[in-house]
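In order, the protein sequence lines correspond to chains E and L.
Read in order, the letters of the first sequence are residues 11 to 284 in the working numbering.
Read in order, the letters of the second sequence are residues 40 to 287 in the working numbering.
Where a beta carbon is used, it is the ideal one built from N, C-alpha and C, also for glycine.
First up is the structure itself, then whatever we jot down about it.
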Amino acid sequence: MALASAVQNAAARLIVDNVADRKPQLVFQSVSLSFGATEILRDIDLTIGEGEFVCVVGPSGCGKTTLLRLIAGLLKATGGAVAYRGQVHDRPSSDIAVVFQDYANALLPWRTAEGNVSLALEAARKPRRERPARIAELLRKVGLETHAKRFPTEMSGGMQQRLQIARCLAQEPSMLLMDEPFGALDAMTRQKLQDEILAIVSQSNVTTFFVTHDLEEAIYLGDRVVALAPHPGRIAKIFDVSIPRPRDQLTTRETPEFLHLRHKLFTFIREAEA
Amino acid sequence: MTRLRGLALPLALVLMWQIGAATFGVQSDTLSKPSDIAFALVAGLGDGSLLGASVRTLAAAGGGLLIGAALGVLFGLAFGLLPPLSRLMRVTVETLRPIPAVAILPIALLAFGFGYRMEIAIVAFACFFPMMILTEHAIGQIAPRLMEVARVLRLTVAQRVAKIVVPASLPRIFVALRLAAGIALIVAVTVEVTANPMGLGYRLMTAAQSLRPADMFATLIWVGFIGWALNRALLAVEARLFAHAPEA
């Protein structure tokens, strides 16, 4: 048992140590964005590797969500270049899925859980007869298999967010963007969903870009934590998180590395906000 | 219980009217005893004249509603989806919209003569503008997040309209349809009262002109009942169809 986990940790460490060797999937080159005279983002240089879990934190108004919307292709950079797999990236791609914070607005209230997942398959022009099996599989993956016929309004917040995640997975994305996805959920549900998302990500090896205002959540989930500073939004510092995976809500949060990083990140943000 | 209490006052008034008319023996060309009205209503229903007139009025109102609502929804969708088009057409719309539907009666009469077609045209005109404006408004009310989901999923324009825009605005469009159905009935009866020799409005008019107040009031009560029943029926359909819509 101890040996098994030691081997697992060593393997995980190997992966973490290889962060620098990952193939770059998304590259920001001195990207800036302004709405009229208002500068939102300035000089963003960031490379996200394949299969990496990048968390973004920062005070409100620092452009976290704007950065995510740039990657989603919902916004165009006004300066610099965004490249996705070496190509200019300025529009939504079926390869990139977005989990919005306001799940209630992002789901179709007139469709059942099944129907909401189906939307992504319909968008991808998946043949009708192949859909039911795929939908069942995705709902099982997020633990909603017994709620397939329910409408979003009949579900709890956590279930609705799981449903949105299932719809995103239906896209079979190689990159998952999450905009404070668990911000509106209670603490217990949040921890459960954190672990579920870690399990999903490790199974499918999807690259994840995760915006949050919860510093501990960022450390717990991420391979790297990008800290933004506001006015205009810019990258202040990037923290590497070399805590082995799989992570555990109790023990990981008690490790010296976690506490050390937490200390550094809290201090940093406090100084940035001061 | 509250509903029963609400009925107390109208029932008391009718009763007082009946007692008053019976005691003082009111003889009038414009008023009638409630009991006479009730007899006239039963007689009208019995000989089929009231039902026949209802069928004609409802056919004209329904036909006009169908045409006006369909065109209104189509134009509303176009304007809602293409704001520049909406801005371009605004002056035209705002010029035509305030014209009372009944005011186009002479034109419709010239174009179509008496009968269904004229009445349907006027009802359609009356229903068109509210349907168009409320449909456009309904599209404006769709959560911007849903349109972003559509973009992120890369739905085609046709898919966006069919899978997002129409179902998202349908609850509000149905409310508009319910309002338009009320307008359709009002306009149809008005056209029949003023010009078109058919339907409930005409029955109302002839009863008044031939000094049969009981028959006139019976028709009036029947028109009110039809309007009420229509609204109730549409409310029931609405509740069934849009049980899962967060708000209408």
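Range of the contiguous beta strand (DSSP E) that encloses residue i
i: E:Gln174; result: No beta strand (DSSP E) holds E:Gln174; the alpha helix (DSSP H) holding it covers Gly167 to Ala180.
i: E:Cys65; result: Phe63 to Val67
i: E:Leu187; result: Met185 to Asp189
Cut-off 7 Å between Cβ atoms - residues of its own chain near residue i, not counting five sequence neighbours on either side
i: L:Met255; result: Leu243, Ala246 and Ala247
i: E:Ile25; result: Residue placement at E:Ile25 is poorly supported in this model, since its pLDDT is 47, which falls under 50; the coordinates are not used for a value here.
i: E:Ser44; result: Ile50 and Thr88
i: L:Ile143; result: Ile161 and Phe164
i: L:Ala257; result: Ile76, Ala79, Leu80 and Gly83
i: L:Thr69; result: Pro252
i: E:Arg95; result: Gln35
i: E:Ile253; result: Thr262, Thr265, Glu267 and Phe268
With 16 other Cβ atoms within 10 Å as the buried cut-off, status of residue i
i: L:Thr233; result: exposed
i: E:Glu281; result: exposed
i: L:Pro169; result: buried
i: E:Thr277; result: exposed
i: L:Asn235; result: buried
i: E:Lys86; result: exposed
i: L:Val112; result: buried
i: E:Ile248; result: exposed
i: L:Trp261; result: buried
i: L:Ala140; result: buried
Start-to-end residues for the alpha helix (DSSP H) that takes in residue i
i: L:Asp254; result: Pro252 to Leu280
i: L:Glu187; result: Pro183 to Val191
i: L:Met244; result: Gly238 to Gln248
i: L:Glu231; result: Val205 to Thr233
i: E:Arg144; result: Arg141 to Lys151
i: L:Gln57; result: Thr41 to Phe63
i: L:Glu175; result: Tyr155 to Gly179
i: E:Ala47; result: E:Ala47 -> no alpha helix (DSSP H), and no H or E assigned at all.
Three-state class that DSSP yields for residue i in the structure shown
i: E:Gln39; result: strand
i: E:Glu206; result: helix
i: E:Lys33; result: coil
i: L:Ile138; result: coil
i: L:Asp75; result: helix
i: L:Ser93; result: helix
i: E:Arg23; result: Low confidence applies here, because E:Arg23 scores a pLDDT of 45, under 50, leaving its location unreliable and the question unanswered by this model.
i: E:Glu60; result: coil
i: L:Thr195; result: coil
i: E:Thr199; result: helix
i: L:Leu105; result: helix
Close-in-space but distant-in-sequence residues of the same chain around residue i (CB under 6 Å, 5 per side omitted)
i: E:Ala116; result: Phe110 and Gln174
i: L:Ala60; result: Lys72
i: E:Pro240; result: Pro69, Gly71 and Cys72
i: L:Ser88; result: none
i: L:Gly102; result: Ile159
i: E:Thr218; result: Phe63, Leu186 and Val211
Chain-order list of residues whose beta-carbon lies under 8 Å from that of residue i (same chain, five-residue window excluded)
i: E:Ser104; result: Ala133, Ala134, Gln181 and Pro183
i: L:Ser208; result: Gly119, Thr174, Ala177, Ile178, Gln180 and Ile181
i: E:Asp100; result: Gly83, Lys86, Ala87 and Val92
i: E:Arg52; result: Ser42, Pro242, Gly243 and Arg244
i: L:Leu259; result: Leu243
Chain-ordered neighbours of residue i on chain A, where CB pairs are closer than 8 Å
i: L:Ala182; result: Chain labels in this structure do not include chain A; the protein chains are E and L.
Check: Taking the runs of the alpha helix (DSSP H) that are 4 residues or longer, which of them lie wholly in the segment 74–139 of chain E?
Finding: Counting only runs that start and end inside the segment 74–139 of chain E, the alpha helix (DSSP H) elements of at least 4 residues fall at 74–82, 113–116 and 123–133.
Notebook entry, point to check: Curious, which full-length alpha helix (DSSP H) runs of at least 4 residues does the segment 202–272 of chain E contain?
Noted result: Runs found: 225–231.
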